[in-house]
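Asks: One structure is given below, represented as structure tokens, and several questions about it will come after.
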Amino acid sequence: MTRATIEAYYDAFNRGDIDAMLATLHDDFAHHANEAATRLGKAAFAEFCRHMSETYKEELTDMVVFSNEDGTRGAAEFTVSGTYLKTDAGLPEARGQRYILPAGGFFSLKDGKITRVTTYYNLQDWIRQVSA
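Under the numbering used here, the first residue of the sequence shown carries the number 68, and numbering increases by one thereafter.
So this is what it looks like as structure tokens:
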């Protein structure tokens, strides 16, 4: 069930379906984004997702999902292929630059729902790619 939940989360991401992503989350949810403040709750995460969909167009491929035996922890490794659509505060100016990054996510689950996702990617590599 853990792997299926994580796969459903990322499938919804690739479809741009924020409601379907939210459906995989536990009411007690925390989002730990790469080099950013932790977002608590589904509402804060939904706002983040809306901002991201306006600012970036991304597709995740080469997905490999792992889980522990008791279904409380999981991880995913993937490739992010994206386009930088709209300048994000504190980052280089957006001009439709394309980028490709290896990335990963780490999950905690309770009752078959995601309680935590921690996302990692190399921000300096992304900055280098969109600044070229």
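From the three backbone atoms N, C-alpha and C, an ideal C-beta is built for every residue, glycine too.
Among Glu-144, Gly-141, Trp-193, Thr-182, which one has its Cα closest to the Cα of Thr-105?
Replies: The residue given as residue 105 occupies position 38 in the sequence shown. Checking every option, the nearest Cα to that of Thr-105 belongs to Thr-182.
Asks: Quick one: which unbroken beta strand (DSSP E) runs of 3-plus residues sit fully inside the stretch 115-157? Chain order, please.
Replies: The stretch 115-157 contains these whole beta strand (DSSP E) runs: 123-134, 140-151.
Asks: Does DSSP put Ala-170 in a helix, a strand or coil?
Replies: In the sequence shown, residue 170 corresponds to position 103, counting from 1. The answer is strand: DSSP assigns Ala-170 an E or B state.
Asks: Round the Cβ separation of Phe-80 and Met-88 to the nearest angstrom and send it over; I've been treating them as touching at under 8 Å.
Replies: In the sequence shown, counting from the first residue as 1, residue 80 sits at position 13. In the sequence shown, counting from the first residue as 1, residue 88 sits at position 21. Sure, about 6 Å apart at Cβ, within 8 Å.
Asks: First and last residue of the alpha helix (DSSP H) that includes Tyr-94?
Replies: For this step, residue 94 is matched to residue 27 along the sequence shown. First, the amino acid is wrong: residue 94 is Asp here, not Tyr. That residue, Asp-94, is in no alpha helix (DSSP H); its beta strand (DSSP E) goes 92-99.
Asks: Tell me where the beta strand (DSSP E) around Arg-183 begins and ends.
Replies: Position 116 of the sequence shown, counted from the start, is the residue given in the question as residue 183. 180-188 is the extent of the beta strand (DSSP E) around Arg-183.
Asks: Following the continuous alpha helix (DSSP H) through Arg-162, name the residue where it begins and the one where it ends.
Replies: By one-based count along the sequence shown, residue 162 stands at place 95. Taken as a continuous stretch (DSSP letters only), Arg-162 belongs to no alpha helix (DSSP H), as it is neither H nor E.
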